[in-house]
Structure formats: C-alpha cells, structure tokens
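Please read the structure below before turning to the comments.
Residue numbers (UniProt numbering), protein chains in the order written: chain A, 1 to 319; chain B, 1 to 319.
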C-alpha cells in the first residue's frame, strides 16, 4: 500500500517509447494493491497503471498472471490486461523490477456495498469462472489448504500474544476444517481469483467495471473462490456483524451464472471456515512479524476469528 | 508522502454532490506533496486532486493559501486553484479533516532537469512574483531567518549524531549568515513560494505546466525564493555536484521577468546560504526525531551542508 520503487519522469518517459501509447503527460504514485509499486500514468492517448513487482509477487509467476488476464479480457471480462510493447512483450523490467503497463479501468472500490452491489459482484465472479473453463494453465495455491497446518505451526504459541487461547482454539478449528475438507475429485476445480474482497472489485453504481489484483490467482476448488468472497463481503471489517442479506445476494448472483453442484452447496460452510483460517493465519503471521510502530497498518487477525465463529454456528450458507 | 486519512468511495461520492463537477468515476490515493493525504479523483466531467490537510498544514492558514492560488490563477499563472462548491466555498471538511478539491494539472516533476528546463522554471517563478505585486495578504515565514537560531538550539549537540562536529560548524555558519542577512527594508519583499524544488514544478518537455504545493508560501525577501530554488535545482540530490549552468539558467530565466536590484544581486549568495541552513535544520530536526526504522524516508541533512560549503566558497551566484 505504498510506492516502494521510485521511478523518475525521465525513466518512465524512456520506458513508454517501447509502446505505442503516446507520450507521457502525468504520473502519480498510488497507494493500492498488494505489495507492489503502482503508478497511475497518463499519456497523450490514454491512462494506464504501471506496476513494478516487489518481493511478494514472484517474477516466475508473471507469465501465468498475464496469460490469465489476456484470456479473460479476450472473453469480454472486465479485467485489466497488460499492454504489449511493439515487439509483443507484456513483461518488462524498469528500475530493476519486473514491470507491466496495464490498462486503466474506471470504477471505485466500495467500503459498504449494498445487497444489489454484492449480487452484481457475485455475478461477475460467476462470469469469470465460466470464462475460465477453457483456460489451460495452472498455479498452485501457495496459501491453500495444504499450507495451513505448516503456517499454524510456524506461528505456534505466539498466536496467544494476539489473543489469549488462540493457539488452542484455532488448532481445534483447523483440525475440524482439515478433516471436513473435500477431496480433490469431489467438486469442480478451476483457476480462481482467491482474493476477491470489495477492494478488488471496481464498481460504478450497481455495475461491476473491473476485477483487479489477480496476484493470488491459483488453481483450487471453484466454490472456494465464492466462499472467500462471502467471508470478505458479508461482514463488517471487524468481523462482528454478519449481513445475511449481502451473503445471499452474492451467492444468488453467482449461481445465476454457475449453478452450485450439490457437493459444492453442501461444502460451502466448510470452505468459508477454511477461508477464515487462511486469512486469519496470514494476518497473524504478518502481525507477529511486523513491528507495532511500523507505518504499515497491521490487519487484525481476530476479525477472521470472529467470522470463523459465526460460520461454525451455521448449518449452511444459504438461509 | 502517503495517504494518512482513508476516504471511502461512498463518502467521496457524497462529498462531490456539493460541487458541480459531475459524478465519481475513479479515485486513487496518491503518494505526493507535504504531509497531507491526496487523492486523484476522476468524475464524469474532469479530474481533480482532493487534499485532506493533516497536521503539518494549519487549518487557519488555508484561507491565505486559497486566496493566493485564486489570485495567481486569475492572472493566468499555472497554479491549481481550489474548486468552489455551489455556495462558493473552497474549504470543506471531510473525514474530520479540512479538505479542498483542487484542479488537476498535467505535467511531470523532473528528477534531472536540463538547463533549458531550469530556465523555464526560473521564468515561471519570475512571472509568479510579477503576478503577486498586487496581492495584499501576508503570512509569516514560519521557517524564516528568525526561526533558525531557536531551531539550531533545539537540535543542540545532537547535531553531532548526524555528523561529527556539525554543531560547531553549523553554529559558525549560522552566525555568519545571520550577521550578513539583509535588513527588511534593504530589498523587495513579497509573498513567495519558499519551496520551489523540482518536485513542485510540473513540466511537459521544456514547458512549465504547473507550480504546486504552496503550503510553505509566506512573506519574505523576493530574492530568497530564487535562492531556495537555486539551492534545490543546481545540485545533485546529495549536494555533491554543483551545476553552474543550471544555476545560471534559473537566474537568467528569472531576471528576464523580474530584473534583480543591485542589493538583491549582492545578497544572493548569503540568501542561498540561508536557504541551505533552513533546509539543513528542518531535515536535521526530522532526522533526530524520526526512528531509523520508520517507513518514512529521512532526507539527508548533510546534502545541505555540502551545498552550504559550496556557496561559502563562492563570490557570487552568477559566474
């Protein structure tokens, strides 16, 4: 959420000459996305996002992400593909970092989406999944179910520094979720976004204008994607207040495009519990490894513990 | 250089209805300016900068800054005036902060301006000063000459933590500059920008398209403004390499519009030494009061000590 690599106007002006995009008119470092450096770039022709990939995105994964965005954009999905230079290359280097020039999309990320907006976002995810049935590449979910126990063990008893008893409580939940987790063949797998929080959906009014920040995209259960989304959208930030109307609108919007199979529908609560464990653990790890006085805002891991408790008390996601 | 106050899309959408500027299409937090929160805002009609004023800008000073920008904009100067709402107000409140919606200006801040670009920037300052001869408001220079000895004393012997011997060396220079400093009546005073670093000049090619970040603007010697500019533009960042060609181009560009009076010309070196002391002291204070591991980049105070030594060895700014 900051600009880590400073790009000079002169270096950017040179960089843009590789592309057929006009000349530099303005650029501003923007506070957005996962830990990359992003600039909003305006040329005499159009606007773009320039992304320099910092340590959290592996350069080796970029071809996968770019192929994914191209595939979706070619099928009319509202995703921001990278711009190819005159030689057809999308992945470049600038200031010692892998860099892409990406189409700018209009729209704003909502802080308090309504049920109608959640319905539209669910539908947008459904259309994205439908457009991916013929996408052939795969990428491991490096934050997927196999990684939760090892990350839990790495955090260890320090979890109790976040909240007294969290180590035991989360350990118990983790055991339950792992034993309930579907087998690979039990339901459809697909490339998924895996992080479609309201931050990553651009909207104008009730219309979705952009799905962004695909840098956690990976291969996993298709229904896990909507479970992640449900856990992110249907609660307030602190995870205290569950809004069933929002949650139902998301699921309804989604299943209009991709009807749930029986196994998916039956597993939704466990997938949502898994999503809570995934975000709780990554936030806990960051929390335990970020100094309290650092300028980076640490996200509260317990906001996902509260969600987990809510799901634990539910029979199913649909009321 | 970060976004301190988070504004939601919903709050911004509401805020914009006060103005006749169209509807919100996009907004991004940008890393820019002194310690304010800035957003680049796009509506169905135009683009704007939304600034929320954080602690470094006193709310009581905002009417002065806004009157200054209006005055300059009315006289065709490339400055970004605040947009008035339907009731004529320019200064608002948003998310508990004083806030202004400001016209967006094209152009980029250069990292390595050429002599021709420096000439254009000097001319732009000259035109700005010429446009201010009939501006009646005044504001104390809170970083002006009367404040250097107190700030030096507040830093005290801790200056030696920045560089061994800096306390004595800077004390000696400060005494010299204070005794050489012109009397108030000795040369023209004006409202000045007081911080016209390359960061604060937007350019397209060799043309100046914007003068921005007027939040240090104050009443002081007119020639002190060009001295500040000279110390910022004519050296590399570290203050090691002086580029006389750039310095002369700046002064030449300026005096085409506002010819130096004899007293100004004679005092330029001392004014530039004063500028070095001003930036050295504010950087030293920040350095001594910012933890080394904070995410904020501390600017090297010694970059201004090196400039000060260069000016100390000069007979005059013009070769």
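Just so you know, even glycine gets a beta-carbon here, dropped at the ideal spot from N, CA and C. Values in this document were obtained by computation on a predicted structure and should not be read as measured data.
Cα-Cα separation between residue i and residue j, rounded to whole angstroms
i: residue 31 of chain B; j: residue 58 of chain B; result: 20 Å
i: residue 16 of chain A; j: residue 91 of chain A; result: 13 Å
i: residue 20 of chain A; j: residue 235 of chain B; result: 35 Å
i: residue 239 of chain A; j: residue 308 of chain A; result: 9 Å
i: residue 312 of chain B; j: residue 82 of chain B; result: 41 Å
i: residue 64 of chain A; j: residue 47 of chain B; result: 34 Å
i: residue 146 of chain B; j: residue 181 of chain B; result: 11 Å
i: residue 149 of chain B; j: residue 162 of chain A; result: 47 Å
i: residue 153 of chain A; j: residue 310 of chain A; result: 24 Å
i: residue 259 of chain A; j: residue 243 of chain A; result: 22 Å
i: residue 247 of chain A; j: residue 233 of chain A; result: 7 Å
i: residue 27 of chain A; j: residue 52 of chain A; result: 14 Å
i: residue 265 of chain B; j: residue 61 of chain A; result: 60 Å
i: residue 218 of chain B; j: residue 56 of chain A; result: 44 Å
i: residue 256 of chain A; j: residue 79 of chain B; result: 52 Å
i: residue 178 of chain B; j: residue 278 of chain B; result: 12 Å
i: residue 190 of chain A; j: residue 139 of chain A; result: 10 Å
i: residue 168 of chain A; j: residue 174 of chain A; result: 10 Å
i: residue 77 of chain B; j: residue 254 of chain B; result: 15 Å
i: residue 305 of chain A; j: residue 188 of chain A; result: 28 Å
i: residue 88 of chain B; j: residue 108 of chain A; result: 27 Å
i: residue 3 of chain A; j: residue 35 of chain B; result: 15 Å
i: residue 283 of chain A; j: residue 155 of chain A; result: 11 Å
i: residue 316 of chain A; j: residue 237 of chain A; result: 22 Å
i: residue 393 of chain A; j: residue 195 of chain A; result: A query on residue 393 of chain A cannot be resolved here, the shown segment of chain A reaching from 1 to 319 and no further.
i: residue 134 of chain B; j: residue 216 of chain B; result: 20 Å
i: residue 103 of chain B; j: residue 41 of chain B; result: 10 Å
i: residue 1 of chain B; j: residue 298 of chain B; result: The pLDDT assigned to residue 1 of chain B is 49, lower than 50, so where the model puts this residue is not dependable, and the model offers no usable value.
i: residue 111 of chain B; j: residue 54 of chain A; result: 22 Å
Whether residue i touches residue j by CB criterion (8 Å)
i: residue 151 of chain A; j: residue 159 of chain A; result: no
i: residue 280 of chain B; j: residue 170 of chain B; result: yes
i: residue 214 of chain B; j: residue 193 of chain B; result: yes
i: residue 303 of chain A; j: residue 271 of chain A; result: no
i: residue 124 of chain A; j: residue 228 of chain A; result: no
i: residue 97 of chain A; j: residue 18 of chain A; result: no
i: residue 250 of chain B; j: residue 122 of chain B; result: yes
i: residue 320 of chain B; j: residue 206 of chain B; result: As shown, chain B starts at 1 and ends at 319. That puts residue 320 of chain B outside it, with no answer to give.
i: residue 72 of chain A; j: residue 209 of chain A; result: no
i: residue 286 of chain A; j: residue 119 of chain A; result: no
i: residue 137 of chain A; j: residue 183 of chain A; result: no
i: residue 128 of chain B; j: residue 211 of chain B; result: yes
i: residue 50 of chain A; j: residue 39 of chain A; result: yes
i: residue 75 of chain A; j: residue 9 of chain A; result: no
i: residue 198 of chain B; j: residue 113 of chain B; result: yes
i: residue 22 of chain A; j: residue 43 of chain A; result: yes
i: residue 186 of chain A; j: residue 263 of chain A; result: yes
i: residue 11 of chain A; j: residue 95 of chain A; result: yes
- Message: Ignoring anything shorter than 4 residues, give me the alpha helix (DSSP H) runs that lie fully in the region 83–144 of chain B, in order along the chain.
- Response: 115–131
- Jot down the residue ranges of each uninterrupted beta strand (DSSP E) in the region 181–205 of chain B, minimum 3 residues, whole runs only, in chain order. 189–192, 201–204
- Query: Using a beta-carbon distance cut-off of less than 9 Å, what residues from the region 101–124 of chain A approach chain B?
  - Reply: 104, 105, 106, 107, 108, 109, 110, 111, 112
- Query: Enumerated in chain order, which unbroken segments of the beta strand (DSSP E) with a length of 3 residues or greater are wholly contained in the region 11–75 of chain B?
  - Reply: 24–30, 37–43, 47–52
- Query: According to a CB-to-CB cut-off of less than 7 Å, which residues of the region 24–40 of chain B neighbour chain A?
  - Reply: 24, 25, 26, 27, 28, 29, 30, 31, 32, 40
- Residues of the region 52–80 of chain A with a CB closer than 9 Å to any CB of chain B: list them in chain order, please. none
- Task: Mind listing, in chain order, the continuous alpha helix (DSSP H) runs of no fewer than 4 residues lying wholly within the region 232–265 of chain A?
- Result: 244–255
- Taking only beta carbons into account, state which residues of the region 218–232 of chain B come closer than 8 Å to chain A, listed in chain order. none
- Query: Looking at chain B, which residues of the region 7–21 of chain A have a Cβ within less than 7 Å of any of its Cβ atoms?
  - Reply: 8, 9, 10
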